[in-house]
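Here the structure comes first, spelled out in structure tokens, and everything after it is commentary.
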Amino acid sequence: MNNFMLITIFLLLLTLSFSCAASSVTNDTPLGRLKAEIDHLIADPSFASATWGVYIESPDKREVLYRHNENKLLIPASNMKLFTTATALVRFGPDFTYKTKLYYDGAISNGTLNGNLIIRGSGDPTISGRYNGNNITGTFQEWADSLKAMGITKITGDVIGDDDYFDDVGMGYGWSWDDEPYYYSAHTSGLSFNDNTVDVHIKPGEKVGDMAIIEIDPPTKYVTIKNRIKTTKADSTLYYDFSRSVDGNLFTFWGKFPISKKAKTDWISVRNPTLYTVTVLKETLESAGIPVGGKAKDVDDISSKPNYDKLKTAAVYTSPPMSRMIRTVNKSSQNFYAEQLLKTIGKEYNHEGSASAGVKSVKSLLSGIGIDANGIKIVDGSGLSRMNIVTTRQVATLLRYMRGHKYFDSYYESLPVAGVDGTIRRRMIGTNAQRNLRAKTGYVSYVRALSGYVTTADGEDIIFSFIVNHYDVPTSMANELQNRIGVILSNYSRGN
2 MNNFMLITIF LLLLTLSFSC AASSVTNDTP LGRLKAEIDH LIADPSFASA
52 TWGVYIESPD KREVLYRHNE NKLLIPASNM KLFTTATALV RFGPDFTYKT
102 KLYYDGAISN GTLNGNLIIR GSGDPTISGR YNGNNITGTF QEWADSLKAM
152 GITKITGDVI GDDDYFDDVG MGYGWSWDDE PYYYSAHTSG LSFNDNTVDV
202 HIKPGEKVGD MAIIEIDPPT KYVTIKNRIK TTKADSTLYY DFSRSVDGNL
252 FTFWGKFPIS KKAKTDWISV RNPTLYTVTV LKETLESAGI PVGGKAKDVD
302 DISSKPNYDK LKTAAVYTSP PMSRMIRTVN KSSQNFYAEQ LLKTIGKEYN
352 HEGSASAGVK SVKSLLSGIG IDANGIKIVD GSGLSRMNIV TTRQVATLLR
402 YMRGHKYFDS YYESLPVAGV DGTIRRRMIG TNAQRNLRAK TGYVSYVRAL
452 SGYVTTADGE DIIFSFIVNH YDVPTSMANE LQNRIGVILS NYSRGN
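The working numbering puts the first residue of the sequence shown at 2, with every later residue one more than the last.
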């Protein structure tokens, strides 16, 4: 028998001995019982059509506790936000802020600005009521006060919005056109306002048979609402939906609103966010007593681009810091913010405010931490596209890297807390996972993901990633199964 054959037999026997040892561990140890419990859960016949990917590790012990299809590419849904926010935090730091400037040209004479106002967008997603006491137009009201303080009581020119910091591609690659009117598909723009949506408040009419009452905030003429929602009997089922016209911003609402129901708030996504922004600014100025003689205009519709070296600054809006913005992204699973961050990354690091340029920078970061950039598919920042595919092992690798990063506290604090806040505020309540497990959820049709950090009963930190695709049961069942794995990890002890 030659040496090669002897070595081959030896390696085979060695492999078999490890397999036997692993089998023994599976049956007789705390880790073995943990594996058996998770095996049992993901083998649930209700998920026979589904594909699970699970990866669980102890980063301090450098030990894989559980793996199943950990190298299988799956649709991550909003787990994609973990990659976007990590890259934004690493690239820019937790204290990074956007600055959106209001410029003017021409001269001021006797209270009249004989010229134009120009807003130069910086990709900032935060000009809204979210950080301003729910006063949606609060920033524009402050700008009106600044203009008045400069002695301006009238403007003869236009209000121009410059969105050239980003490209003009509003939707992400692979997004569904059916979703376009809804807030979670809001268009990206170099100049944005109120998440590029209009708030819609709906309540029943005075009596059954009346049309429901629809009010919008801001009360802008930029959108038109066609109301076909009827007020119905108290015991009827609440249902409504809406569509947006092929061109323009005409929204048609239809459905039934029980007279017994309280008011509901929804959001509609507008076309041309830049023109929307300057339209509302113009309306706000006029409401504040500063008439504007010209029109609201997109910079693309004027004959020559502004020369900012020759313009004067009237006001500056500074966003909250990056640490706060990524909390909005991860806790609320805010798609629009994630897409704005991705394009900002592209602009600042690859000199192009596009999703593809942002993805290039994200992949550069991933390559540096041991993730094969060619083995992951990223097309947007939010995970709304079904064209994104990742593995649970890649997600865990990112989480491990961030755990050792100097900005980890900001990243960790951005994640929802089980039973407390964000998208898992109603999950794992009354268990050891509550107030312990922090994780990002992910959901698009037939996809559910949960990835993050949890501490065991022994105080051991655990990193995990669960993704399931193509299930044909209610999503609540996928949630419950992932919850149970999270609770198992929170209860895990190596001592018993």
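Note that beta-carbon positions come from the ideal geometry of N, C-alpha and C, so glycine has one too. Quick caveat, the model's predicted, so the values are computed rather than measured.
Would DSSP call ALA23 helix, strand or coil?
Walking along the sequence shown from the start, residue 23 turns up at place 22. No answer about ALA23 holds up, because its pLDDT of 39 lies below 50 and its placement is not dependable.
Output needed for SER244: all residues of its chain with C-beta closer than 8 Å, excluding positions within five of it in sequence on either side, in chain order.
Residue mapping note: residue 244 aligns to position 243 of the sequence shown, counting from 1. Within the same chain, and ignoring the five residues on either side of SER244 in sequence, the residues whose Cβ sits closer than 8 Å to its Cβ are PRO182, PHE252, THR253.
Considering only residues of the segment 290-315, which uninterrupted beta strand (DSSP E) runs meet the minimum length of 3 residues and lie entirely inside it, listed in chain order?
297-299, all fully within the segment 290-315.
Contact check, GLU414 vs ARG328 under 8 Å by CB: the rounded distance?
In the sequence shown, the residue the question calls residue 414 occupies position 413. In the sequence shown, the residue the question calls residue 328 occupies position 327. With 8 Å as the limit, GLU414 and ARG328 qualify as a contact, their Cβ atoms being about 7 Å apart.
From what residue to what residue does the alpha helix (DSSP H) around PRO274 run?
Here residue 274 refers to the residue found at position 273 when the sequence shown is read from its first residue. DSSP places PRO274 inside the alpha helix (DSSP H), whose first and last residues are 274-288.
Can you tell me whether THR101 is buried or exposed? The criterion is at least 16 other CB atoms within 10 Å of its CB, across all chains shown.
On the sequence shown, residue 101 is found 100 positions in, with the first residue counted as 1. Classification for THR101: buried.
DSSP on TRP176, reduced to helix/strand/coil?
As a first step, residue 176 must be located in the sequence shown, where it is residue number 175. Here TRP176 sits in coil by DSSP.
Pairwise C-alpha distance: GLU207 and PHE1:
Only positions 2 to 497 of the chain appear in this structure, which leaves residue 1 out of reach.
Using the three-state DSSP reduction, which class does VAL224 fall into: helix, strand or coil?
One-based indexing of the sequence shown puts residue 224 at position 223. Per DSSP, reduced to three states, the secondary structure at VAL224 is coil, with no helix or strand assignment.
From ARG121, ASN70, ASP40, ASP61, pick the residue whose C-alpha is nearest to that of PRO307; which is it?
As a working note, residue 307 is residue 306 in the sequence shown. When each option's Cα is compared against that of PRO307, the closest is ARG121.
Can you tell which of ARG485, LYS332, ALA397, THR233 has its C-alpha closest to the C-alpha of ARG63?
Position 62 of the sequence shown, counted from the first residue, corresponds to residue 63. That would be ALA397, whose Cα lies nearest to the Cα of ARG63.
Straight-line gap, ASN492 to ARG439 (C-alpha atoms, nearest Å):
Residue numbering aside, residue 492 sits at position 491 when the sequence shown is read from its first letter. Residue numbering aside, residue 439 sits at position 438 when the sequence shown is read from its first letter. ASN492 and ARG439: Cα-Cα distance of roughly 15 Å.
Reducing DSSP to helix, strand and coil, say where ASP200 ends up.
Residue 200 sits at position 199 when you count from the first residue of the sequence shown. Reduced to three states, the DSSP call for ASP200 is strand.
Sequence-distant residues of its chain with Cβ nearer than 6 Å to ALA235 (five each side left out):
Here the question's residue 235 lines up with position 234 in the sequence shown. So the list reads PRO259, ILE260, SER261, once near-sequence residues are dropped.
Below 8 Å, how does it come out for the segment 356-366 and the segment 80-88: are there three or more Cβ pairs, yes or no?
Contact between the segment 356-366 and the segment 80-88 is present: 3 or more CB-CB pairs across the two stretches fall below 8 Å.
Residue of VAL455, MET323, ASP196, ILE269 minimising C-alpha distance to VAL488
Here the question's residue 488 lines up with position 487 in the sequence shown. Of the candidates VAL455, MET323, ASP196, ILE269, the one whose C-alpha sits nearest the C-alpha of VAL488 is VAL455.
Where ALA167 sits in the DSSP three-state scheme
The sequence position of residue 167 within the sequence shown is 166, counting from 1. The identity of residue 167 in the sequence shown is Phe, whereas the question assumes Ala. Coil at PHE167, not helix or strand.
Following the continuous alpha helix (DSSP H) through ASP242, name the residue where it begins and the one where it ends.
If you number the sequence shown from 1, residue 242 lands on position 241. Element bounds for ASP242: not the alpha helix (DSSP H) but the beta strand (DSSP E), 240-245.
If you reduce the DSSP assignment to three classes, tell me which class PHE97 lands in.
Indexing the sequence shown from 1 puts residue 97 at position 96. Three-state DSSP puts PHE97 in coil, outside helix and strand.
Neighbourhood of VAL474 by C-beta, 6 Å cutoff - its chain only, sequence neighbours within 5 removed:
Counted from its first residue, the sequence shown places residue 474 at position 473. Cβ neighbours of VAL474 beyond the five flanking positions: SER47.
May I ask which residues mark the beginning and end of the alpha helix (DSSP H) holding TYR402?
The residue given as residue 402 occupies position 401 in the sequence shown. Going by DSSP, TYR402 is part of the alpha helix (DSSP H) stretching over 393-404.
Considering only C-alpha positions, which residue in the set TYR174, GLU38, ASN115, LEU42 is nearest to ALA479?
Taking the first residue of the sequence shown as position 1, residue 479 is located at position 478. Comparing alpha carbon positions, the residue from TYR174, GLU38, ASN115, LEU42 closest to ALA479 is LEU42.
Roughly how many angstroms separate the alpha carbons of SER20 and ILE370, rounded to a whole number?
Within the sequence shown, the letter at position 19 stands for residue 20. Within the sequence shown, the letter at position 369 stands for residue 370. For SER20, the pLDDT reaches just 38, beneath the cut-off of 50, and the residue's location in the model is therefore unreliable, although a value from the coordinates is still provided. Put simply, the backbone Cα of SER20 is about 30 Å away from that of ILE370.
Name the two residues that bound the continuous beta strand (DSSP E) containing ASN117.
In the sequence shown, counting from the first residue as 1, residue 117 sits at position 116. Neither: ASN117 is in no beta strand (DSSP E) and is coded neither H nor E.
Compute the Euclidean distance between the alpha carbons of PRO322 and ILE377, then round it to the nearest angstrom.
On the sequence shown, residue 322 is found 321 positions in, with the first residue counted as 1. On the sequence shown, residue 377 is found 376 positions in, with the first residue counted as 1. Rounded to whole angstroms, the gap between the alpha carbons of PRO322 and ILE377 is 29 Å.
Could you say if the segment 153-166 and the segment 296-306 meet the contact criterion of at least three C-beta pairs nearer than 8 Å?
Taking 8 Å as the limit for Cβ pairs, the verdict is that the segment 296-306 does touch the segment 153-166.
Output yes or no for whether 7 Å exceeds the beta carbon distance between TYR184 and TRP268.
Against the sequence shown, residue 184 aligns to sequence position 183. Against the sequence shown, residue 268 aligns to sequence position 267. Annotated as proximal: TYR184 and TRP268, with beta-carbon spacing under 7 Å.
Taking the alpha-carbon positions, what's the ALA316 to GLY139 distance?
Here residue 316 refers to the residue found at position 315 when the sequence shown is read from its first residue. Here residue 139 refers to the residue found at position 138 when the sequence shown is read from its first residue. C-alpha separation (whole angstroms): 13 Å.
For my contact list, PRO60 and ARG495 are in at a C-beta cut-off of 8 Å; report their separation, rounded to the angstrom.
Here residue 60 refers to the residue found at position 59 of the sequence shown. Here residue 495 refers to the residue found at position 494 of the sequence shown. Their Cβ separation, rounded to whole angstroms, is 15 Å, which puts PRO60 and ARG495 out of contact at 8 Å.
Neighbour-count burial assignment, GLU287, 16 or more Cβ in a 10 Å radius
Mapped onto the sequence shown, residue 287 falls at position 286. Counting Cβ neighbours within 10 Å, GLU287 comes out exposed, since fewer than 16 surround it.
Express the C-alpha separation of TRP176 and GLU38 in angstroms, rounding to a whole number.
Taking the sequence shown and counting its residues from 1, the one referred to as residue 38 is at position 37. Taking the sequence shown and counting its residues from 1, the one referred to as residue 176 is at position 175. C-alpha separation (whole angstroms): 37 Å.
According to DSSP, simplified to helix, strand and coil, what is ARG229?
Sequence index remark: in the sequence shown, residue 229 carries index 228 (1-based). Strand.
Exposure of ASN336, with buried meaning 16 or more beta-carbon neighbours within 10 Å:
The sequence position of residue 336 within the sequence shown is 335, counting from 1. Under this definition ASN336 is a buried residue.
Grouping DSSP H, G and I as helix and E and B as strand, with all else coil, what is MET323?
By 1-based counting over the sequence shown, the position of residue 323 is 322. It is helical.
Does TYR338 pass the burial test, meaning 16 or more other C-beta atoms within 10 Å, or should it be called exposed?
The count along the sequence shown starts at 1 and reaches residue 338 at position 337. Classification for TYR338: buried.
In terms of residues, what are the limits of the alpha helix (DSSP H) holding PHE409?
Your numbering for residue 409 matches position 408 in the sequence shown. Its alpha helix (DSSP H) spans residues 409-414.
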